[in-house]
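In my numbering, the protein residues as written are 410 to 472.
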């Protein structure tokens with residue numbers, strides 16, 4: 410599935426919609442290039458599930 414989101418508000422709204430249907434044990438896989446918005450979407454999902462702390466990006470250095 411490919412979803413294009415024009416701005417941060419659209420990304421947050423999608424994160425809320427995804428969070429609303431998740432159940433315990435569900436797995437969500439996000440795929441995309443650097444800067445595609447994976448971390449932003451993950452943060453939106455996690456926030457919609459009630460988390461209020463930091464959500465670090467799992468990025469790494471490529472040498």
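For each residue, glycine too, the CB sits at the ideal point set by N, CA and C. Remember, it's a predicted structure, so these values are computed and weren't measured experimentally.
Exercise for review: For residue 413, name the three-state secondary structure that DSSP assigns.
Suggested key: coil
Review point. Does the distance from the CB of residue 450 to the CB of residue 434 come in under 9 angstroms?
Key: no
**Study point:** residue 444 burial status per 10 Å Cβ neighbour count (16 or more: buried)
**Key:** exposed
Check your understanding: Using DSSP with H/G/I as helix, E/B as strand and the rest coil, what is residue 472?
Key -> Note that residue 472 scores a pLDDT of 49, beneath 50, so its modelled location is shaky and nothing firm can be said.
Check your understanding: So residue 450 is in the alpha helix (DSSP H); what residue range does that whole segment cover?
Key -> 447 to 457
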